[in-house]
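Student: Following this message is one structure expressed as structure tokens.
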Amino acid sequence: MLLQNRTAVISGAASARGIGLATAKLFAAHGARIAILDIDEAAARAAATELGPEHLGVACDVATKSSCQAAADKVIAAFGHVDILINNAGVTQPVKTLEIDEASWNRIQDINCKGVLFLSQVFIPHMQARQRGAIACMSSVSAQRGGGIFGGPHYSSAKAGVLGLAKAMAREFGPDGIRVNCVTPGLIQTDITGGQLTDEMRRDIVKGIPLNRLGEATDVAGIYLFLASDLSAYVTGAVIDVNGGMLIH
Ligand SMILES: NC(=O)c1ccc[n+]([C@@H]2O[C@H](COP(=O)([O-])OP(=O)(O)OC[C@H]3O[C@@H](n4cnc5c(N)ncnc54)[C@H](O)[C@@H]3O)[C@@H](O)[C@H]2O)c1
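Numbering-wise (my numbering), the sequence shown opens with residue 1 and increments by one.
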């Protein structure tokens, strides 16, 4: 039990096959009390109910500061304290550079990158007051290699922004006992690909992965657990690849 008596907030954790919900289940199995924050309020509540009565499902649009603040107020009032924040919410769009219109650029940047800023901003003062906290942020291999498979250039840009933001926050808040780290997954089998991954594409992609398979949501959940727990007590500003060797650098 790595998270006994800890409380964790996980954004984007309502979708059934997603990385966030797999993380919520693993954290709960390790003794944590979980708040699932998601833009889909009904799904967030249902997911929390499935986890058990001590867990919470809260509506939150990470791209809107007031929504993040309202969610933080609710969680802190219910739990009393928050030890862990997992900035996991994100969306993608498979388009090329010349096809990106301004609304799409803004949507992808706002949810993937600005959302990490806003949700961190509303929990950090609470963590500072307690002089402890662990924050993990979702980036992507797409940020490192100039595109994944389903994300467009705006997605690569937003996820690269997350790396810079998280490292800067790690430097700024280390003296307050707050650690900030990132994960950079390769292709993980969730619903974010919107059913567009054909068997042929899957075979081609796997050829470039030394571990010879696509990732599972639980593969990423395990790394979030490491970053949330005291196993990583002396780790901050780090980026952990979860890509089966798709990118070795
Ligand atoms: N699946 C992959 O291959 C992969 C690879 C690298 C990174 N990622 C990242 O992992 C994270 C989780 O993705 P997933 O694959 O589990 O996909 P998913 O679609 O299953 O989960 C994304 C979740 O985010 C929620 N969400 C969307 N917009 C939101 C908003 N504005 N505010 C709050 N919640 C919102 C959705 O409702 C959903 O529950 C994302 O940040 C994604 O970019 C995924």
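Where is the CB? At the ideal position from N, CA and C, for every residue including glycine.
With DSSP collapsed to three states, give me the class of Cys182.
Tutor: strand
Student: Is Lys74 near ligand 1, with its Cβ less than 8 Å from a heavy atom?
Tutor: no
Student: Does DSSP classify Asp241 as helix, strand or coil?
Tutor: strand
Student: Just reading off the beta strand (DSSP E) that Ile135 is part of, what are its end residues?
Tutor: First-last of the beta strand (DSSP E) with Ile135: 133–138.
Student: Using 8 Å as the threshold, is the region 204–219 in touch with the region 153–165, meaning 3 or more CB pairs across them?
Tutor: no
Student: Is the CB-CB distance between Gln259 and Gly215 below 9 Å?
Tutor: Nothing can be reported for residue 259, as the shown portion of the chain is limited to 1 through 249.
Student: Taking 9 Å as the cut-off, decide whether the C-beta atoms of Val180 and Thr236 are in contact.
Tutor: With respect to the 9 Å criterion, Val180 and Thr236 are classified as neighbours on the basis of their beta carbons.
Student: Pull up the CB-CB distance for Ile10 and Gly20, whole angstroms please, since I reckon it's below 8 Å.
Tutor: 5 Å
Student: For Arg6, is the classification buried or exposed, using 16 other Cβ atoms within 10 angstroms of its Cβ as the cut-off for buried?
Tutor: buried
Student: Going by beta carbon distance, what residues of the same chain come within less than 7 Å of Ala29, once the five residues before and after it are set aside?
Tutor: none
Student: Can you tell me whether DSSP reads Arg213 as helix, strand or coil?
Tutor: coil
Student: From the DSSP output, in three-state form, read off Ser229 for me.
Tutor: coil
Student: Check Ala63 in the structure and name its three-state DSSP category.
Tutor: In the structure shown, Ala63 sits in coil (DSSP, three-state: anything other than H, G, I, E or B).
Student: Near Ala8, what residues of its chain come up, given a Cβ to Cβ distance below 6 Å and the 5 sequence neighbours on each side ignored?
Tutor: Sequence-distant partners of Ala8 (beyond 5 residues in either direction) whose C-beta falls short of 6 Å from its own C-beta, in its chain, are Phe27, Ala32, Ile34, Ile84.
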